[in-house]
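S.K.: Residue numbers (this note's numbering), protein chains in the order written: chain W, 744 to 1096; chain E, 744 to 1096.
For each residue, glycine too, the CB sits at the ideal point set by N, CA and C.
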């Protein structure tokens, strides 16, 4: 990093387009919390999921057609996605027979666990034998460039947060969907592994080498038509002691025209970091705008996304109305949708005066 | 990153202590600019360099004893360090005979080029045959933790900058040396590959995966005696479109009690980024203090380090006096040393009132 001029010439990385549609594998999962990836795919990429496939021990279903790998292949599936996590991130032996069957029946395997699929010798050998691919969405593309700082064409929105794990991905997905419903040309851009599975492309920014993180963010939302919106999934928080660097690289590389601040009302301490206070919404807006101006001087905050899953509908509505008044900005819970979400979308795409 | 609780349990990484002392290899270098690493080692780790070793074509010397690998080994050397760079970062074929000789004569090889030593089959085979190590200082230690945000004991100083490549490493080295000369218990902590070679330990922060960058910075300056100072080599700049994320992770993980802002008077645009203005010193102080308070609320700016290598002694002195008055902070050029440097050291270690 000490001498940018000495950086070897960058090569444009290959796109990470995933084989689709998917068969969603649920393993032997007994609690829905461990099937978040599968539920996310069902909710946000339903048209690209031909069915689900589970071991007899599984206690969780998605409501999709139950298909064997062979049936899924016949229905057009091109890959089996491991849609469940387990403690430690390993692939248990009980999963091997169904995964091997999927390879034999013509499906690629897609995983995002701590253990890479290619680290399992039986899977590696079977994939080679059947001419199938093992794709780990934790692996970023090779040959990412360092950031150039060059302003790109098209419009960009970035979801930012007061903490991790409070709805930045779902907010971006919801806003992209609501934009398209409003007739706006918009794409969701995934910066994390579940998002990559949903979008079928993107990259896991947290796995990129630090020097290339802003460059990866630039690569994620390339030049586009002047009226096109990229809605970019945020990561971490500028006020997080472990992940602020990732958040800043994503902010700088995204060059957002608009940010939406994601927040969970009532969360007082950073998740997993007792004693570390969640910053205020105002502080989060101010910090993101101040730092974001470096690569887009026209950056503005379009509004706020609340995760109100722990509140009743009435409580949520009252709180969002009060906070909207206090902050002078639209506030919506994208999962609840409705007029509040449409107002937030309008605030995102309006041309600032 | 979306769920910190799911992060696998961290294992403390092995220390990256390098085998020392060194024999410095100059290859066939004809211009001093390509031997910066060797000069840095000579200037800052002279007592750990037994000699230099070059091909007959070389036109650059360090003024150290010229030794063969065998002679260096007899003089106590444990490793040959590749102290030169060449365009493209490859290891030319003409270097292979001397490098193979060094392995045969009992030296480990240490490199930091773009091409990893272990990627060269002849070196890999010879190292295995002779039981020697090939060490790449571009490789960070394995199993780095994510940052905890926990405040560590001991005192820390971080050099920060208005841009890349303007003296953050030399400032940290100079301050650590001047502190020790003033009787203060101080260590230089290296965050880049040349610094790692000089210190004989540390890590190349720019090569760490983004999610672990702040954790790597925490690991770099562990708990210490309350009166001990770690003087940490800074990286990049918070106002750099490509590297600000690395700088922020280092700032958060370092938890500095004091920062020293490094600046090159007269530099108007970021190196290699035409059109991107160098931020003011005041903006750089303010941004670092604001963001640094997250992990150390007591952070303060102790003073400024100027790189005045392009000015005369008189010009430099006048400029530093004027800027010191304007900013109300000590300003020194560590390479020029003198009373200004001692005043900067006093400002670094003074207990704020």
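(1) Express the C-alpha separation of residue 855 of chain E and residue 954 of chain W in angstroms, rounding to a whole number.
(2) In chain order, what are the residue ranges of uninterrupted alpha helix (DSSP H) at least 4 long that sit wholly in the region 980-1009 of chain E?
(3) When you compare the CB positions of residue 977 of chain W and residue 902 of chain W, do they come within less than 9 Å of one another, or not?
(4) Pair every Cβ in the region 914-929 of chain E with every Cβ in the region 981-989 of chain E, then say whether three or more of these pairs are closer than 8 Å.
(5) Quick one: list the residues of chain E neighbouring residue 1048 of chain W, beta-carbon separation under 9 Å, in chain order.
(6) Put residue 767 of chain E into one of helix, strand or coil per three-state DSSP.
(7) For residue 764 of chain W, does the count of other Cβ atoms within 10 angstroms reach 16, so buried, or fall short, so exposed?
(8) Within the 9 Å Cβ cut-off, does residue 995 of chain E reach chain W?
(9) For the region 815-896 of chain W, list the alpha helix (DSSP H) runs that are entirely contained and at least 4 residues long, ordered along the chain.
(10) Nearest to residue 845 of chain W by CA position, among W/810, W/884, W/835, is which residue?
(11) Please state whether DSSP places residue 917 of chain E in a helix, a strand or coil.
(12) Can you tell me whether DSSP reads residue 754 of chain W as helix, strand or coil?
(13) Any idea what DSSP makes of residue 1027 of chain W, helix, strand or coil?
(14) Keeping to the same chain, check which residues put their C-beta closer than 8 Å to that of residue 802 of chain W; ignore five residues upstream and five downstream.
(15) Given that a residue counts as buried once 16 or more other Cβ atoms are within 10 Å of its Cβ, and exposed if not, what is residue 1053 of chain E?
(16) State yes or no: is the C-beta of residue 778 of chain E nearer than 8 Å to some heavy atom of the ligand ZN?
(17) Quick one: what does DSSP say residue 1093 of chain E is sitting in, helix, strand or coil?
(18) In the DSSP assignment, find the unbroken beta strand (DSSP E) run with residue 1067 of chain W in it and report its ends.
(19) CB residue 988 of chain W to CB residue 988 of chain E, shorter than 9 Å?
(20) Inspect the beta-carbon positions of residue 1050 of chain E and residue 1006 of chain E and report whether they are closer than 9 Å.
(21) By Cβ distance below 8 Å, which residues in the same chain neighbour residue 762 of chain E in space, the five residues on each side in sequence not counted?
(22) Who are residue 929 of chain E's beta bridge partners in DSSP?
(23) Would you say the region 930-945 of chain W touches the region 860-872 of chain W, given that touching needs at least three Cβ pairs under 8 Å?
(24) Can residue 841 of chain E and residue 812 of chain E be called in contact, C-beta distance under 9 Å?
(25) Closer than 9 Å, CB to CB, is residue 757 of chain E near chain W or not?
(26) Three-state secondary structure (DSSP) at residue 941 of chain E?
(27) Closest by CA to residue 1092 of chain W, which one among W/893, W/831, W/794, W/918?
(28) From residue 1077 of chain E to residue 915 of chain E, what does the alpha carbon distance come to, in whole angstroms?
(29) I need the DSSP call for residue 959 of chain E, collapsed to helix, strand or coil.
(30) Checking the sheet assignment: what are the DSSP bridge partners for residue 1046 of chain W?
(31) Strictly under 9 Å for the Cβ-Cβ distance: is residue 992 of chain E near chain W by that measure?
(32) If you measure between the beta carbons of residue 793 of chain W and residue 819 of chain W, is that distance less than 9 Å?
M.R.: Let me lay it out:
(1) Looking up residue 954 of chain W in the first chain gives position 211. Looking up residue 855 of chain E in the second chain gives position 112. Each residue's alpha carbon lies about 16 Å from the other.
(2) 987-997
(3) Residue 977 of chain W sits at position 234 when you count from the first residue of the first chain. Residue 902 of chain W sits at position 159 when you count from the first residue of the first chain. Yes, these two residues count as a Cβ contact at 9 Å.
(4) no
(5) Against the first chain, residue 1048 of chain W aligns to sequence position 305. Chain E residues near residue 1048 of chain W: none, gap ~15 Å exceeds 9 Å.
(6) As a first step, residue 767 of chain E is located in the second chain; it is residue number 24 there, counting from the start. In this structure, residue 767 of chain E counts as strand in the three-state DSSP scheme.
(7) Stepping through the first chain from its first residue, residue 764 of chain W is reached at position 21. Label assigned to residue 764 of chain W: buried.
(8) In the second chain, residue 995 of chain E corresponds to position 252, counting from 1. Chain W contact via Cβ: present.
(9) 839-847, 864-873, all fully within the region 815-896 of chain W.
(10) Taking the first chain and counting its residues from 1, one reaches residue 845 of chain W at position 102. Nearest of W/810, W/884, W/835 to residue 845 of chain W, Cα basis: W/810.
(11) Locating residue 917 of chain E in the second chain gives position 174, counting from the first residue. Residue state, collapsed to three classes: helix.
(12) The residue you call residue 754 of chain W lines up with position 11 of the first chain. Bear in mind that a pLDDT of 40 at residue 754 of chain W, under 50, signals an unreliable position, so the model cannot answer this.
(13) In the first chain, the residue the question calls residue 1027 of chain W occupies position 284. Helix at residue 1027 of chain W.
(14) Counting from one through the first chain, the residue named residue 802 of chain W turns up at place 59. So the qualifying residues of the chain are 772, 773, 774.
(15) Position 310 of the second chain, counted from the first residue, corresponds to residue 1053 of chain E. Classification for residue 1053 of chain E: exposed.
(16) This structure simply doesn't include the ligand ZN, nor any ligand for that matter.
(17) Along the second chain, one-based indexing puts residue 1093 of chain E at 350. Three-state DSSP puts residue 1093 of chain E in coil, outside helix and strand.
(18) In the first chain, the residue the question calls residue 1067 of chain W occupies position 324. From DSSP, residue 1067 of chain W is part of no beta strand (DSSP E) but of the alpha helix (DSSP H) over 1056-1070.
(19) Position 245 of the first chain holds residue 988 of chain W. Position 245 of the second chain holds residue 988 of chain E. Contact flag set, yes.
(20) The count along the second chain starts at 1 and reaches residue 1050 of chain E at position 307. The count along the second chain starts at 1 and reaches residue 1006 of chain E at position 263. Yes. Within cutoff.
(21) What you label residue 762 of chain E is simply residue 19 of the second chain in a count that begins at 1. Taken in chain order, the residues that qualify are 821, 822, 851, 853, 876, 878.
(22) In the second chain, the residue the question calls residue 929 of chain E occupies position 186. E/972, per the DSSP bridge assignment.
(23) The way I'd put it, the region 930-945 of chain W doesn't touch the region 860-872 of chain W; fewer than three beta-carbon pairs between them come closer than 8 Å.
(24) What you label residue 841 of chain E is simply residue 98 of the second chain in a count that begins at 1. What you label residue 812 of chain E is simply residue 69 of the second chain in a count that begins at 1. Taking 9 Å as the Cβ cut-off, residue 841 of chain E and residue 812 of chain E qualify as a contacting pair.
(25) For the purposes of this step, residue 757 of chain E is identified with residue 14 of the second chain, where counting begins at 1. Because the pLDDT of residue 757 of chain E is 47, which lies under 50, any placement of that residue in the model is unreliable, and the number read from its coordinates should be weighed accordingly. Taking Cβ atoms only, chain W never reaches closer than 9 Å to residue 757 of chain E, which makes this a no.
(26) As a position in the second chain, residue 941 of chain E is number 198, starting the count at 1. DSSP places residue 941 of chain E in helix when its eight states are reduced to three.
(27) For the purposes of this step, residue 1092 of chain W is taken as residue 349 along the first chain, with counting starting at 1. The candidate whose alpha carbon is nearest that of residue 1092 of chain W is W/918.
(28) Walking along the second chain from the start, residue 1077 of chain E turns up at place 334. Walking along the second chain from the start, residue 915 of chain E turns up at place 172. Each residue's alpha carbon lies about 9 Å from the other.
(29) Position 216 of the second chain, counted from the first residue, corresponds to residue 959 of chain E. In the structure shown, residue 959 of chain E sits in a helix (DSSP, three-state: H, G or I).
(30) Here residue 1046 of chain W refers to the residue found at position 303 of the first chain. Residue 1046 of chain W pairs with W/1003.
(31) If you number the second chain from 1, residue 992 of chain E lands on position 249. At least one chain W Cβ lies under 9 Å of residue 992 of chain E.
(32) The residue labelled residue 793 of chain W in the question sits at position 50 within the first chain. The residue labelled residue 819 of chain W in the question sits at position 76 within the first chain. Yes, these two residues count as a Cβ contact at 9 Å.
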